[in-house]
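For reference, the structure discussed in these notes is given below.
Protein chains in written order, with my numbering: chain A, 10 to 206; chain B, 10 to 206.
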């Protein structure tokens with residue numbers, strides 16, 4: 010329609026999660042309409058990010074410094090490690106501002122059927138980190154999926170012999186959620202996790 | 010969360026049409042996870058597009074050559090000009106493969122209330138193009154909105170004195186569409202545009 014450069018830009022944008030061919034075309038048009046204000050700044054932000062962003066050698070977080078801002082923060086409780094599947098989960102917890110300890114990003118979950126074993130994840134560094142020192146509690150903030158439960162089980166077994174407390178995030182009714190729209194699994198989990206009112 | 014570079018990338022992506030903060034974060038993570046395979050190629054495709062893509066001096070289409078591929082195509086019917094509001098409309102018609110003539114992109118619609126006058130649009134070049142020569146018919150493929158109708162009316166008046174046929178795209182029930190979900194305006198237009206069965 011407008012030469013290979015436009016086609017290539019649409020194709021690459023359409024591969025991003027949340028975008029399809031239709032929204033990729035809209036985004037491409039919006040960018041091409043203001044090349045100096047939108048297209049070039051975005052291109053340069055991408056190159057800048059590609060140059061400086063690294064996985065934190067300690068926790069697996071993505072950051073432009075290594076160790077990452079969180080691992081470097083002296084105000085964080087270093088005895089508390091929250092284990093998450095991905096950096097997106099870490100971001101969600103940080104936005105909520107509900108965890109004052111450190112993190113450990115696994116980079117996925119164990120999936121025997123999917124062929125993901127312990128050696129494919131950032132698990133050994135977690136065990137080494139815990140053995141290394143000051144950890145008092147490990148919070149498993151993994152998804153409420155079969156794979157999340159499998160991973161939590163594996164970690165729980167590995168840490169059973171240590172003196173470290175291992176906890177899992179609670180399951181139940183989301184804040185603001187109505188009961189009649191929840192699935193059976195969530196309702197069962199909510200009943201099991203009942204507490205004195 | 011991960012330094013200013015990541016924040017900036019999320020902010021710029023979130024400004025694209027169809028994306029919000031949430032999908033921009035997902036897209037950023039997907040890009041950062043594979044910097045060599047996804048992030049850098051997209052950045053370079055953007056810079057390449059910014060360098061080569063121009064507005065066609067004849068019709069206003071976006072293309073890496075000027076005049077654009079369509080204006081340059083000897084197989085196109087040069088006596089037929091389809092007038093559209095934006096390049097996105099041109100793309101839609103080209104995907105459908107339903108127009109074999111040339112195009113003219115106005116870059117918007119007349120909007121007296123919104124302060125968009127004839128001089129703000131690519132209208133004079135269209136009139137010059139038509140006066141210049143071989144045009145036999147002008148098809149107004151403008152949106153079925155107040156602004157689209159205003160623009161069509163303005164063009165129709167300007168071209169009334171010439172010997173050029175001016176037509177508007179048909180309005181009515183979309184292909185595959187059920188009548189009971191259509192709005193009153195579309196139903197009225199469909200009745201008015203009725204034809205012998």
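Backbone N, C-alpha and C define an ideal beta-carbon position, used for all residues, glycine too.
With a threshold of 16 other CB atoms inside 10 Å of the CB of residue i, please say whether the residue is buried or exposed.
i	result
residue 47 of chain A	buried
residue 122 of chain A	exposed
residue 56 of chain A	buried
residue 141 of chain A	exposed
residue 147 of chain B	buried
residue 94 of chain A	buried
residue 72 of chain B	buried
residue 186 of chain A	exposed
residue 54 of chain A	buried
residue 188 of chain B	exposed
Mind listing the chain B neighbours of residue i? Cutoff is C-beta to C-beta under 9 Å, in chain order.
i	result
residue 184 of chain A	In chain order: nothing, as chain B lies at least about 18 Å away.
residue 105 of chain A	Per Cβ cutoff of 9 Å: no residues; residue 105 of chain A is ~12 Å from chain B at best.
Could you tell me the boundaries of the alpha helix (DSSP H) in which residue i lies?
i	result
residue 61 of chain A	49-61
residue 79 of chain B	78-81
residue 32 of chain B	30-42
residue 19 of chain B	13-23
residue 133 of chain A	133-140
residue 96 of chain B	96-105
residue 165 of chain A	155-168
residue 196 of chain A	193-201
Considering only the beta carbon of each residue, do residue i and residue j sit closer than 8 Å?
i	j	result
residue 161 of chain B	residue 168 of chain B	no
residue 49 of chain B	residue 59 of chain A	yes
residue 115 of chain B	residue 92 of chain B	yes
residue 182 of chain A	residue 191 of chain A	yes
residue 70 of chain A	residue 107 of chain A	no
residue 132 of chain B	residue 112 of chain B	no
residue 16 of chain B	residue 61 of chain A	no
residue 227 of chain A	residue 135 of chain A	A query on residue 227 of chain A cannot be resolved here, the shown segment of chain A reaching from 10 to 206 and no further.
residue 21 of chain A	residue 51 of chain B	yes
residue 117 of chain A	residue 85 of chain A	no
residue 145 of chain A	residue 89 of chain A	yes
residue 153 of chain A	residue 180 of chain A	yes
residue 156 of chain B	residue 102 of chain B	no
residue 201 of chain A	residue 12 of chain B	no
residue 87 of chain A	residue 75 of chain A	no
Applying a beta-carbon distance threshold of less than 8 Å, which residues of chain B neighbour residue i?
i	result
residue 36 of chain A	25, 26, 27, 28
Name the chain A residues that come within less than 9 Å of residue i, Cβ to Cβ?
i	result
residue 118 of chain B	What residue 118 of chain B touches in chain A: nothing, since even the nearest Cβ is about 16 Å away.
residue 91 of chain B	Those do not exist, as residue 91 of chain B stays about 14 Å from chain A at its closest Cβ, beyond 9 Å.
Run down chain D in chain order and give the residues with a C-beta less than 9 Å from the C-beta of residue i.
i	result
residue 154 of chain B	In summary, chain D is missing from the structure at hand, where the protein chains are A and B.
Mind listing the chain A neighbours of residue i? Cutoff is C-beta to C-beta under 7 Å, in chain order.
i	result
residue 83 of chain B	Correct list: empty, because the minimum Cβ distance to chain A is about 18 Å.
residue 134 of chain B	Result: empty, since nearest Cβ-Cβ is about 18 Å, beyond 7 Å.
residue 21 of chain B	50, 51, 54
residue 176 of chain B	Within 7 Å Cβ-Cβ: nothing; residue 176 of chain B doesn't reach chain A, min ~23 Å.
residue 80 of chain B	Here the premise fails: no neighbours, minimum Cβ distance about 12 Å.
So with CB distances below 8 Å, who are the chain A contacts of residue i?
i	result
residue 88 of chain B	None at all; the shortest Cβ gap to chain A is about 22 Å.
residue 97 of chain B	34, 35, 38
residue 62 of chain B	11, 12, 14, 15, 41, 44
Taking the continuous beta strand (DSSP E) assigned at residue i, which residues delimit it?
i	result
residue 146 of chain B	146-149
residue 113 of chain A	110-114
residue 174 of chain B	174-177
residue 89 of chain B	86-93
Under 7 Å Cβ-Cβ, which residues of chain B neighbour residue i?
i	result
residue 70 of chain A	11
residue 67 of chain A	Neighbours of residue 67 of chain A on chain B: none; closest Cβ ~14 Å, over 7 Å.
residue 17 of chain A	54
residue 44 of chain A	59
residue 74 of chain A	12
Spell out a yes or no on whether the region 17-36 of chain B and the region 20-30 of chain A are touching, meaning 3 or more CB-CB pairs, one atom from each, closer than 8 Å. yes
Whether or not the region 115-130 of chain B and the region 182-199 of chain B are in contact is what I'm after, with contact meaning three or more pairs of Cβ atoms, one per stretch, closer than 8 Å; do they touch? no
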